[in-house]
Amino acid sequence: MRALPLLLLLAALPACAPGALPGLRSTLLPATAQDNARRGAVEIAVKGNFASVLDDISRGGGPALERAFDAAGVPLADRPARRLQLTGDLGLFESNPGALVTSLLLWGG
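The following block contains the structure:
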């Protein structure tokens, strides 16, 4: 019974820590100019070339997807695994470019 409050505290603590969610901040913390600039760059890279990005995902990579990875700051070493994840979730991303933007922001720096 005493463990429940501790678990709730541990679950809520990252929301209070600055930088705990890079690119995605809680609604209580103001977004920084850097966060807004990165999100904007990723949205332009994804939504401006959405058909090309989806084609690159289905092929396992390509220049439009690499530009989106670059805009999000996804580390080069992580990209092969992220390409596989994107391919597996392609059905979700085909109808929801915002979900793709959010995934890239989470994976980026």
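With mature numbering (1 follows the signal peptide of the UniProt record, and there is no 0) applied, the sequence shown corresponds to residues -17 to -1, 1 to 92, in that order.
For each residue, glycine too, the CB sits at the ideal point set by N, CA and C.
Span separating the alpha-carbon of residue i from that of residue j
i, j, result
"ALA60", "LEU67", "13 Å"
"LEU89", "ARG42", "22 Å"
"GLY91", "ASP18", "11 Å"
"ARG22", "GLY71", "23 Å"
"THR35", "PHE76", "In the sequence as displayed, the identity of residue 35 is Ser instead of Thr. So the two alpha carbons sit approximately 13 Å from each other."
"ALA54", "ALA28", "7 Å"
"LEU83", "THR15", "21 Å"
"SER78", "ASN32", "14 Å"
Residue i: CB within 7 Å of a non-hydrogen atom of the ligand ADP
i, result
"SER35", "By its list of ligands, the structure shown contains no ligand whatsoever, and the ligand ADP lies outside what it can speak to."
Reference residue i; option with closest CA among the options
i, options, result
"LYS30", "GLY92, GLN17 and ALA47", "ALA47"
"ARG50", "ALA20, VAL25, ASN79 and GLY74", "VAL25"
"LEU87", "GLY74, ALA64, GLY56 and PHE33", "GLY56"
"ASP39", "SER78, LEU69 and GLY81", "LEU69"
"GLY74", "LEU37, PRO63 and ALA20", "LEU37"
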